[in-house]
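The block underneath contains the structure these notes are about, expressed in structure tokens.
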Amino acid sequence: MSSSVLVIGGGPAGLTAALRLSTHGYAVRLLEQRSELGGRLISSGPGPGDCRTRQGSFPHESAAYTEHFPTVLLGCNTATLAVLKSLGTRHLVEFPQQLRFEFLLPGPRRVRLGRPWVPRPLGAILSAATFRGLPLRDRWRVLSVLERTWEGDPALSLDLESRSGEDWLKDIGQSDTSRAQFWAPLARFLTGDDVAVISASALINMVRRCFLSARQHSALAIPTRGIASLLVEPIHDRIARSGAVIRLETRATQFQFDTNRVIGVVLQDGTVSSADWYLVALPHRQFVALLPERALTHFSYFQQLTQLTDSSALTLHVWIDCSVPSPQLLLLAHRSYHWIVCRPNHDSEQKGCIISLVAVGRPELLERPDQELLDIALSEVAYAFPGLTTAKVLGSRIIRQPHAYLSMRPGTSLLRPLQQSPYPNLLLAGDWTDTGLPASLEGAVLSGIRCAEAIITTEATENL
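Its first residue numbered 3, the sequence shown is counted upward by one per residue in this note's numbering.
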């Protein structure tokens, strides 16, 4: 008889775990408190307390109708791409050579970061050397960072996890211009935090993964299909066909434990759901609320979760009647919004394009009125795309998320939990767990895979 697994949370982490487990014959039950799957990345309406939306006239079939963030995938998102391949949607994600990291600098000037056809790390070094967005002196300083990060000679400081990225960049001679116009926009896009906030360790790991490994890892893709079409709906269909039970609008309220195992989960209607294994794929704040006091006080593993903090995000999708020839990504310096994604709208009879603007780590923006945020966004669009100043706005959507990303502040990596909890049959998944990556879709997917593999491996070992 197959072991049973109760997956709590229907975001990318929970869905990926459910997919892997159902493929291996486990009896999977998935509980999601919302009326739809997808977690914090996806919603066609307001979420339960952690997200507010303003819905204007917008094409419901458009990817931006359901996305909290515009979908941008990197070549280093290997776990996500592998899952898409298994689902048969990988072919919908293209990595065009002409799509690069592009910086919108004061002026305005648009400067692209090159991707030379040479092996890494030489390619990253050439990219930095030819990056016209920085003075020559600053380029050489960036080169020194890349070389030092790659070679470890001289060795990097041992206190990088306890220092901010900004502090470390100052220490190695990066100028104010370099930090504000190159490092800050890049860090915000890749980690959801400014260099003044994230740890130096998180900044260095980001640089290594994206720019100092395989050349393909820095490639960019902006799919015309949203993550709902690429990932969520295909997984739902696949696990439903395999016999998994999916319950929406079902909220867990508390775990029940015996001496050393989870024995059940109390649901909002008072019933208790039990299984052999429990896999929790909820945001850390929601997970902590499910724990009885004795579990929180007894295990430092759980106590540390109360010290995790989050960064806010504001996303504004604008649908305009002008078209663009190809998707674009712009990283902004010294602006209200931090990056812009522009893509053709292929999902509606009225084509046009969707322009998505994102600001992270600015909670004060979340309190501003909708019209003010839209006016600021349209001003940014006019600044970035002068040719679109006469475009007609067909619709807009505003998403406010006070707790969008795990903030990678100094010391955070020491607080992130491993997938295996102190209770042998309880595992944690989510982009906030210890994946070695910033909070992201890739981190969520990787955590779900690790949880599923831990269950499969443990049972295989016990059955020997």
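Don't be surprised by glycine CBs; every beta carbon is placed ideally from N, CA and C.
Only a predicted model underlies this, so the values are computations on that prediction, with no experimental measurement involved.
When rounded, the separation of the alpha-carbon atoms in Gly-245 and Phe-133 is 53 Å. Of all alpha-carbon atoms in Asp-323, Pro-388, Leu-43, Leu-83, the one lying nearest the alpha-carbon of Phe-97 is that of Leu-83. Counting only residues of its own chain and dropping the five nearest sequence neighbours on each side, Ser-129 has a CB closer than 6 Å to the CB of Leu-115, Gly-116. At a Cβ-Cβ threshold of 8 Å, Thr-317 and Phe-103 do not count as neighbours. In the pairwise beta carbon analysis, the segment 221-237 is classified as not touching the segment 390-404: fewer than three pairs are separated by under 8 Å.
Counting along the chain, no alpha helix (DSSP H) covers Ile-10; the unbroken beta strand (DSSP E) around it starts and ends at 6-10. Judged by their CB atoms, Ser-423 and Leu-416 are not nearer to each other than the 8 Å cut-off. DSSP places Glu-96 outside both helix and strand once states are collapsed to three, so it counts as coil. DSSP places Ile-356 inside the beta strand (DSSP E), whose first and last residues are 355-362. Within 10 angstroms of the beta-carbon of Asp-260 lie fewer than 16 other beta-carbons, which makes it exposed.
DSSP places Tyr-280 inside the beta strand (DSSP E), whose first and last residues are 279-282. Rounded to whole angstroms, the separation of the alpha carbons of Arg-112 and Thr-308 is 42 Å. Bounds of the alpha helix (DSSP H) holding Glu-235 are 235-243.
Counted as a single uninterrupted DSSP element, the beta strand (DSSP E) harbouring Tyr-407 occupies residues 395-408.
Under the three-state reduction of DSSP, Glu-69 is assigned to strand. DSSP, read as helix, strand or coil, puts Ser-129 in helix. Spanning the alpha carbons of Thr-252 and Pro-327 requires a straight line of approximately 43 Å.
Inter-residue distance for Ala-379 and Leu-39 is about 29 Å (C-alpha atoms, whole angstroms). Non-local C-beta neighbours of Arg-31 in its own chain, meaning closer than 6 Å and more than five positions away in sequence, comprise Leu-8, Val-247, ordered along the chain. Under the 10 Å beta carbon count, Glu-444 is surrounded by 16 or more other beta carbons and is classified as buried. The bridge partners DSSP lists for Trp-321 are Ile-356, Gly-397.
Glu-461 and Pro-14 have their alpha carbons spaced roughly 24 Å apart.
Closest in C-alpha terms to Ser-24, from the list Arg-42, Ser-338, Ser-5, Ile-10, comes Ser-5. In this structure, Ala-406 lies away from Asp-271, with their beta-carbon atoms at least 8 Å apart. Setting aside the 5 residues that flank it on each side, Pro-329 is surrounded in the same chain by Ile-224, Arg-345, each with a C-beta closer than 6 Å to its C-beta; the list follows chain order.
By the neighbour-count criterion, in which a residue is buried when 16 or more other Cβ atoms sit within 10 angstroms of its Cβ, Ala-454 is buried. A direct Cα-Cα distance of roughly 10 Å separates Asn-262 from Ala-297. Nearest C-alpha to Gln-183 among Ala-335, Asn-465, Ala-242, Arg-42: Ala-335.
For Pro-346, the enclosing beta strand (DSSP E) covers residues 341-346.
The Cβ-Cβ distance between Ala-204 and Trp-170 does not fall below 8 Å. Residue range 254-259 is occupied by the beta strand (DSSP E) that includes Gln-258. Residue state for Val-267 is assigned as strand, using DSSP reduced to three classes. In the structure shown, Leu-23 falls within a helical segment according to DSSP collapsed to helix, strand and coil. Contact holds between the segment 356-364 and the segment 187-198, because three or more Cβ pairs, one in each stretch, are under 8 Å apart.
Here DSSP, grouped into helix, strand and coil, assigns Phe-105 to strand. As a beta-bridge residue in DSSP terms, Asp-312 pairs with Leu-408.
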